[in-house]
Amino acid sequence: MAGQAPALALTGASKSFNGRTVMHDVSLTVGRGEVHGLVGANGAGKSTLIKTVSGFHAPDGGGSLRIGEATLPLPAGPGALMAAGARFVHQDLGLMPSLSIAENFTLEPGLSARAFGLKTRGQEEDACRARLRRFGLDHDPRTLVGDLAVSEQVLVAVVRAVTDAAGATTLLVLDEATSGLPWNDAGTVLELIRRTAADGVGVLFVSHRLDEVLGVCDSVTVLRDGHVVGALRSTEGSSQWSLERLTASMFGAAATASPTAKAAGARPADTAPRLRVAGLRGAYATDVSFDLAPGEILGLTGVVEAEAGEIGRILFGAARARGGEITLEGERYRPRSPRAAKSAGVAYVAASRDLSLLKSLSVTENATLADLGPFGSAYLRRGAERAATQELLDRFQVSPPDPGRVVGTLSGGNQQKVALLRWLRTDPRVLVLHEPCRGVDINARAAIYRILRDAAAQGLSVLVISSEIEEAAEICDRVLVLVDGRVDGELSGAALTPESLMQALNPGDAHARITAS
Amino acid sequence: MPESPPVEKPTRGAIPPTSGSRGRTAGIADRVRGAGSRLSVPAVLIILIVLFCLLRPETFATWDNASTIAQNEMVLLIIALASILPLIVGEFDLSVGYIASITAILEAKLIGGDGWDPVLATVVVLLIGAAIGAANAFLVVGIGVNSFIATLGTGSILVGFSSYISNNKTLFEGIPQVLTKLGSGHFGRVPINVLVALAFVAAIVYLLRYTAFGRYMYATGGGRDSARLAGVPTESIRAASLVASGFVAGCAGLLELGLIGSASASIGPEFLLPALAACFLGTTMGENGRFNVFGTIVAIFLIAVGVTGLEQLGAPNWVEPVFNGAALIIAVSVTLISKRIGSARNLAADTRTGQSPTEEIEK
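This is how it looks when you write it as structure tokens:
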């Protein structure tokens, strides 16, 4: 497509928050017909970059954005982006599960102007069917989106984006749109992406699944600490276009530095496990087995977040196991509810703080909810409760240290500390944490890691379920990698680095080149 | 996150960084401002009382007037207390008024019509109130019917049964003297039903504030899934609050029977909307906008004082429902608007200090 303006040309964009620059003079070009990958570790600036393209962030002065022939003001408005042919599919896909495919197609952006246009149901369904057929899909438009497999939902979202009535598509941005896909199920989606590119659309593909990136992209931009640190092209040959090159570029020299304070976690191998999981099966898990020792911080990570997350919920009685054995200190353990798990000494902090906390309740009420016993259940000594909470807030350095404050008004890091101290004060035997530092700033992160190490040093067994591999590598003594519902790899000691984890998460044979069909 | 203190403060004690101290002082300022808006409805109540006392000193500013207002509102108050229990856990009970009717009718029918022993009849009738609550709980918690729908349905069934049992008549006979005394008697110059209502208020305030059960109720209402993940037995809590609601509504029915001296299918339903309105109006006085007993009481008296005063000034009787509805809408709207202004002010403060709370972390 030489001679045509590139689908996307962003130049010289910088952005800082609170005086911290998270994006330094970044430029990015996506050609017509090109699938361009954007990769980087957490905090590398991927989402800032995408949000700059999508008009959510205004860059700090300077910088220019061109979509196809159109030069857009920064920040670009949704209407201007639409008119220039930019389409976005984000991680949540923006589909309504309770509506049919055809109905979802009528919900596309730009519809409002035609909202009262007369179209019969049959016409809508025909139009939808035609749009699906253009990409070789023959789903019934009346199917509810919620009844589709995750990969089919991604297909629907992508087709909806690139075939909408608002005009020709120049640029398609897929922002972690494939991150919810089961491991074996990405093929059809990747084929669709190639097909879209073959129509002359530039595709910006943001993903942490490097196998997919290598499989589907023509070129890749690597971000680290807000800088563009690498640009790879698939035509460069396998020594350059490889997982090793990508991970080295993503993590830089930092990856080789040995993670700190891990020595404390080295446990004698002959300690009896506190928790033993054998052959566990669930909605995702097909055969998961592992041991968790007293005082150990064990990481559990997987390409598909839901896989690892399910293990945590099963251990806390919030999801049902379909088979397998769990033993807790030698006794059979099969919690029927979170309450039962709590009595057995298992604690759990959910990934979302909307679930791990009651945001409209006060800090005290949240902190003591899991165990009101010390304050009396028939007569709650509110003064003692408040004093105990105050002490915990001081110990864990929660800011502001105000027991009466509504939890929802605290910052992410402080909320997470409250969620943690709720359970640590119950003195559990096993603590399961799902994404313990999601949306937590760097200082609070360090504080939380310290709290966890201290607790582990006291003998607490911690299971950290995390999709942030840097986090898993930093905090855990040992990390298990889940692929296809089973434990596929284990890393510990010096071998446990973000780089090695990233490679373990991308089993080599999966990234065969996808070509347009 | 409207007002998060944006920067983590790793150490406390030493001279705090400016942002950290802002977080703390903002907390205090928020609370003062919050208390201000929470006290606005009680302030309006006091202003109304003073105003009517000045305008109608010979009729309004009398003990008899005060005691009549109080006596007339106690059944409503107890029905509001019955409603507030499910509301706190996040459920509606729209059957409270109908439960009050049917218990009053059953009491009169069993004693006056069928010659039951009054004590036995009263115990049975109160158990029936609780049993209706249990039926609601079964539908809502056991089967999963939306409580709005389930209790609307049971309420309608109760209307039918009430008509059937009373044969569409007003029952006057067989009302135990004790009930009449409790409902309409006086202790000195104080209506006895005020003392009865105070006992209910005390019991429910104790339950909500000083028991683990009450805490679990607020937690369940704050987020059922989150409460469950903290080990709260949310299903039992929801079920128990519906059963308690039925029981308390049944008590209110008997008290109404004692107050007006008759039972019919129409005595209860008219309480439902004012009771719910009082609970919601009461949230404007609750900590963090919660359902609470104190606010509910103030709300009931705000309406009663306003309506009585206006009537004494010569307002026609259609004013009552208008005043009722307007007070609810205005109080809740004003509270929401003042909250929005408050959070906008906080946001502005965050922007001034260069802190962007939602963007502090790059994910």
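Sequence order for the protein chains is A and B.
Using my numbering, the first residue of the first sequence is number 1, and each one after it goes up by one.
Using my numbering, the first residue of the second sequence is number 1001, and each one after it goes up by one.
Glycine is no exception: its CB is placed at the ideal position from the N, C-alpha and C atoms.
Evaluate residue i with the Cβ neighbour count: other Cβ atoms within 10 Å of its Cβ, from every protein chain shown; 16 or more gives buried, anything less gives exposed.
| i | result |
| --- | --- |
| B/Lys1169 | exposed |
| A/Ala285 | buried |
| A/Gly77 | exposed |
| A/Gln123 | exposed |
| A/Ala495 | exposed |
| B/Tyr1218 | buried |
| A/Gln503 | buried |
| A/Arg131 | buried |
| B/Thr1025 | At B/Thr1025, the pLDDT of 43 sits below 50, so the modelled position is not reliable; the number obtained from the coordinates is stated separately. With fewer than 16 other Cβ atoms within 10 Å, it is exposed. |
| A/Gln91 | exposed |
| B/Ile1149 | exposed |
| A/Ala378 | exposed |
| B/Val1322 | exposed |
| A/Met250 | buried |
| B/Asn1136 | buried |
| A/Gln397 | buried |
| B/Glu1173 | exposed |
| A/His36 | buried |
| A/Asn506 | buried |
| B/Phe1187 | exposed |
| B/Val1123 | exposed |
| A/Met82 | buried |
Please state whether DSSP places residue i in a helix, a strand or coil.
| i | result |
| --- | --- |
| A/Val407 | helix |
| B/Ser1264 | coil |
| B/Pro1010 | Residue placement at B/Pro1010 is poorly supported in this model, since its pLDDT is 37, which falls under 50; the coordinates still yield a value, given next. Looking at B/Pro1010 - three-state DSSP - the assignment turns out to be coil, as it is neither helix nor strand. |
| A/Gln503 | helix |
| A/Ser238 | coil |
| B/Phe1161 | helix |
| B/Phe1418 | The structure shown does not extend to residue 1418 of chain B, since chain B is modelled only from 1001 to 1363, so the question has no answer here. |
| A/Leu81 | helix |
| A/Ala41 | coil |
| A/Leu28 | strand |
| A/Lys15 | strand |
| B/Ser1356 | Residue confidence is low: B/Ser1356 scores 39 on pLDDT, short of 50, so the model does not pin down where it sits. No coordinate-derived value is stated. |
| A/Thr260 | Because the pLDDT at A/Thr260 is just 45, under 50, the model does not fix this residue reliably, and the value given afterwards should be weighed accordingly. Residue state, collapsed to three classes: coil. |
| A/Phe105 | helix |
| A/Val150 | helix |
Cα separation between residue i and residue j?
| i | j | result |
| --- | --- | --- |
| A/Ala177 | B/Val1145 | 35 Å |
| A/Leu431 | A/Asp488 | 23 Å |
| A/Val418 | B/Ser1156 | 46 Å |
| A/Val222 | B/Ser1241 | 56 Å |
| A/Asp225 | A/Gly45 | 7 Å |
| A/Ile50 | A/Ala319 | 35 Å |
| B/Thr1151 | B/Leu1094 | 5 Å |
| B/Ala1304 | B/Val1119 | 33 Å |
| B/Arg1022 | A/Leu433 | With a pLDDT of 39 at B/Arg1022, under the threshold of 50, the predicted position of this residue should be treated as unreliable, and no value is reported. |
| B/Ile1192 | B/Thr1068 | 12 Å |
| B/Phe1092 | B/Gly1142 | 16 Å |
| B/Ala1197 | B/Phe1280 | 20 Å |
| B/Thr1158 | B/Ala1299 | According to the sequence as given, residue 1158 of chain B is Leu; it is not Thr. If you take the alpha carbons of B/Leu1158 and B/Ala1299, they lie about 28 Å apart. |
| A/Gly19 | A/Glu474 | 26 Å |
| A/Glu307 | A/Val159 | 27 Å |
| B/Ala1339 | B/Asp1225 | First, the residue type needs correcting, since residue 1339 of chain B is Lys and not Ala in the sequence shown. For B/Lys1339 and B/Asp1225, the distance between alpha carbons rounds to 26 Å. |
| B/Leu1076 | B/Ala1252 | 8 Å |
| A/Leu358 | A/Ile101 | 35 Å |
| B/Ile1165 | B/Ala1277 | 30 Å |
| A/Ala272 | A/Gly200 | 60 Å |
| B/Gly1185 | B/Ser1245 | 26 Å |
Check: Using a Cβ cut-off of 7 Å, which residues of the region 1203-1231 of chain B contact any Cβ in chain A, in chain order?
Finding: Tyr1210, Thr1211, Ala1212, Arg1215, Tyr1218, Ala1219, Gly1222, Gly1223, Asp1225, Ser1226, Ala1227, Arg1228, Leu1229, Ala1230 and Gly1231
Check: What runs of the alpha helix (DSSP H), each 4 residues or longer, lie entirely inside the region 371-419 of chain A?
Finding: 382-395
Checklist line | Residues in the region 1114-1127 of chain B having any Cβ partner in chain A nearer than 7 Å | finding: none
Next item on the list: Using a Cβ-Cβ cut-off of less than 9 Å, list which residues of the region 367-385 of chain A approach chain B; keep chain order.
Entry: Thr368, Leu369, Ala370, Asp371, Leu372, Gly373, Phe375, Gly376, Ser377, Ala378, Tyr379, Leu380, Arg381 and Arg382
Check: Name the residues in the region 1281-1296 of chain B whose C-beta lies less than 9 Å from a C-beta of chain A; which are they?
Finding: Glu1287, Asn1288, Gly1289 and Arg1290
Margin query: Short of 8 Å Cβ to Cβ, which residues in the region 1232-1247 of chain B face chain A?
Written below: Val1232 and Pro1233
Checklist line | Ordered list of alpha helix (DSSP H) runs contained in the region 1100-1152 of chain B, each at least 4 residues | finding: 1118-1137
Check: Can you list, in chain order, the residues of the region 345-363 of chain A whose Cβ is nearer than 8 Å to any Cβ on chain B?
Finding: Tyr348, Ala350, Asp354, Leu355, Ser356, Leu357, Leu358, Lys359, Ser360, Leu361 and Ser362
Margin query: Runs of 4 residues minimum, wholly inside the region 1278-1357 of chain B: which ones carry the alpha helix (DSSP H) assignment?
Written below: 1293-1312 and 1319-1352
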